[in-house]
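Participant: Take any residue in the sequence shown, note its place counting from 1, add 288, and you have its number in the working numbering. C-beta atoms are modelled at their ideal positions from N, C-alpha and C, and glycine is treated no differently. Sharing a structure below in structure tokens format, with a few things to ask.
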Amino acid sequence: MSDTGQVPGEAARRLNEAGSVTVLTGAGVSAESGIPTFRGADGLWQEYRAQDLATPQAFARDPQLVWEWYHWRRRLVSEASANLAHKAIAGIEDRADAFTLVTQNVDGLHRAAGSRNILEIHGNLNRARCLNCGHREHLDRQEGIPRCGSCQGVMRPDVVWFGESLDRQTLEAAFTAAASAQVFIVAGTSNVVQPAASLAFAAADRGGYVLEINLEPTPLTGTADATVLGPAGELLPQLVEMAWS
Ligand code: OAD
């Protein structure tokens with residue numbers, strides 16, 4: 289079922305009664321903070337698509353270029369604030385008995401909004417990892433190729449790139465949270481990048497109620513119990529208001 293602009297009462301009632309809630313987010317949740325999505329019209333940086341830069345091959349070819357793109361994204365994020373969608377998700381965590389947030393976003397805005405139990409399955413923009421010794425560091429510089437504070441090796445962004453595996457423990461925790469969710473909310477993701485795109489299906493398989501929020505239908509739409517079309521910054525606060533008013 290797909291609806292425009294109005295959260296179904298059934299979704300709000302389920303959320304209110306749920307013992308366990310899991311939320312999966314994608315770039316659409318940060319769009320209203322001014323962070324471009326990957327596959328939207330604003331997804332290009334210079335003439336590059338994310339798929340051209342977010343790969344180990346691109347980094348091996350031109351680490352300076354890949355770092356420039358990440359420094360640009362980090363600058364955007366440092367100037368951005370959490371929006372009403374991030375805050376509504378933190379509000380759900382405050383009210384739910386058991387709660388997990390699984391995010392594909394690397395921007396840290398969920399934490400800024402007050403979310404606590406977060407699985408950042410694609411890493412974090414503000415960390416770098418040494419290619420030589422694996423040492424991780426918080427990044428504060430805004431340009432150039434960072435060098436490892438431990439061995440002086442070249443560092444890369446501590447994010448997951450196309451063709452790379454996700455951290456196994458984090459991914460297992462995400463699938464456990466999906467399988468145990470009585471309500472599973474999917475917001476602002478195109479649901480095309482695996483393995484994240486399988487999480488909602490895993491929740492549905494185990495009998496969880498799946499609510500999708502997006503501007504447009506996705507490959508999940510036929511399977512979700514409800515899909516509401518509209519901005520996450522309006523629909524998630526509406527959901528919270530309906531569930532707990
Ligand atoms: P995408 O750019 O693929 O999809 C963003 C989704 O958000 C689209 O389905 C939009 O319709 C929707 N959207 C945009 N604005 C919205 C709004 N205000 N409210 C609700 N929905 C909105 O981003 P992701 O699904 O996050 O991975 O992409 C998944 C992964 O692909 C990313 O984590 C990244 C990328 O390559 C890596 O870098 C490994």
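Under DSSP, the beta strand (DSSP E) around Gly411 begins and ends at which residues?
Facilitator: The count along the sequence shown starts at 1 and reaches residue 411 at position 123. Here the beta strand (DSSP E) through Gly411 covers 411-418.
Participant: Assuming contact is defined by CB atoms lying nearer than 8 angstroms, are Glu381 and Val394 in contact in what I supplied?
Facilitator: Residue numbering aside, residue 381 sits at position 93 when the sequence shown is read from its first letter. Residue numbering aside, residue 394 sits at position 106 when the sequence shown is read from its first letter. Cβ atoms of Glu381 and Val394: not closer than 8 angstroms.
Participant: By DSSP's criteria, Arg444 is part of a beta bridge. Which residues make up the other side?
Facilitator: Locating residue 444 in the sequence shown gives position 156, where the first residue counts as 1. For Arg444, which the question treats as bridged, DSSP gives the partners Arg417.
Participant: At what residues does the beta strand (DSSP E) containing Asn479 begin and finish?
Facilitator: Within the sequence shown, numbered from 1, the residue matching residue 479 stands at position 191. Element bounds for Asn479: n/a, residue is neither H nor E.
Participant: Under 8 angstroms by Cβ, that's how I've got Asn479 and Thr458 pegged, so tell me the actual separation to the nearest angstrom.
Facilitator: Start at 1 with the first residue of the sequence shown, and residue 479 comes out as number 191. Start at 1 with the first residue of the sequence shown, and residue 458 comes out as number 170. Not confirmed; about 19 angstroms, so no contact.
Participant: Taking 7 angstroms as the limit between beta carbons, can you name the residues of its chain near Ser321, skipping five residues before and five after?
Facilitator: Sequence index remark: in the sequence shown, residue 321 carries index 33 (1-based). Excluding sequence neighbours, Ser321 sits near Ala368, Ser369, Ala370, Asn371, Leu397.
Participant: Any idea which residues DSSP pairs Arg435 with across the strands?
Facilitator: The residue labelled residue 435 in the question sits at position 147 within the sequence shown. BP columns for Arg435 point to Val442.
Participant: Using three-state DSSP, classify Ile473 as helix, strand or coil.
Facilitator: Residue numbering aside, residue 473 sits at position 185 when the sequence shown is read from its first letter. Ile473: strand per DSSP, three-state reduction.
Participant: Please classify His426 as buried or exposed, where buried requires at least 16 other C-beta atoms within 10 Å of its C-beta.
Facilitator: Numbered from 1 along the sequence shown, position 138 holds the residue referred to as residue 426. By the neighbour-count rule (16 or more Cβ atoms within 10 Å), His426 is not buried but exposed.
Participant: Alpha carbon to alpha carbon, how far is Pro351 from Pro296? Give it in angstroms, no decimals.
Facilitator: In the sequence shown, residue 296 corresponds to position 8, counting from 1. In the sequence shown, residue 351 corresponds to position 63, counting from 1. If you take the alpha carbons of Pro296 and Pro351, they lie about 47 angstroms apart.
Participant: Relative to ligand 1, is the shortest distance from any of its heavy atoms to the C-beta of Pro519 smaller than 7 angstroms?
Facilitator: Counting from one through the sequence shown, the residue named residue 519 turns up at place 231. True, at least one ligand heavy atom lies under 7 angstroms from that Cβ.
Participant: Using the Cα positions of Leu454 and Pro344, report the straight-line distance between them to the nearest angstrom.
Facilitator: Reading the sequence shown from its first residue, position 166 is the one you call residue 454. Reading the sequence shown from its first residue, position 56 is the one you call residue 344. Going by the C-alpha atoms only, they are around 14 angstroms apart.
Participant: Do you know how far the Cα of Cys421 is from the Cα of Ala346?
Facilitator: Residue numbering aside, residue 346 sits at position 58 when the sequence shown is read from its first letter. Residue numbering aside, residue 421 sits at position 133 when the sequence shown is read from its first letter. Using only the alpha carbons, I get a separation of about 21 angstroms.
Participant: Tell me whether Ser478 counts as near ligand 1, meaning its Cβ is closer than 7 angstroms to at least one heavy atom of that ligand.
Facilitator: Here residue 478 refers to the residue found at position 190 when the sequence shown is read from its first residue. Indeed, a heavy atom of ligand 1 lies less than 7 angstroms from the Cβ.
Participant: Does ligand 1 have even one heavy atom less than 7 angstroms from the beta-carbon of Val390?
Facilitator: The count along the sequence shown starts at 1 and reaches residue 390 at position 102. No, the beta carbon of Val390 sits no closer than 7 angstroms to any heavy atom of ligand 1.
Participant: Please go through the stretch 364-414 and give each complete beta strand (DSSP E) segment of 3 or more residues, from N-terminal end onward.
Facilitator: Whole beta strand (DSSP E) segments, 3+ residues: 386-391, 406-408.
Participant: On the criterion of 16 or more Cβ atoms from any shown chain inside 10 Å, does Cys418 qualify as buried, or is it exposed?
Facilitator: Here residue 418 refers to the residue found at position 130 of the sequence shown. Flag for Cys418 reads buried.
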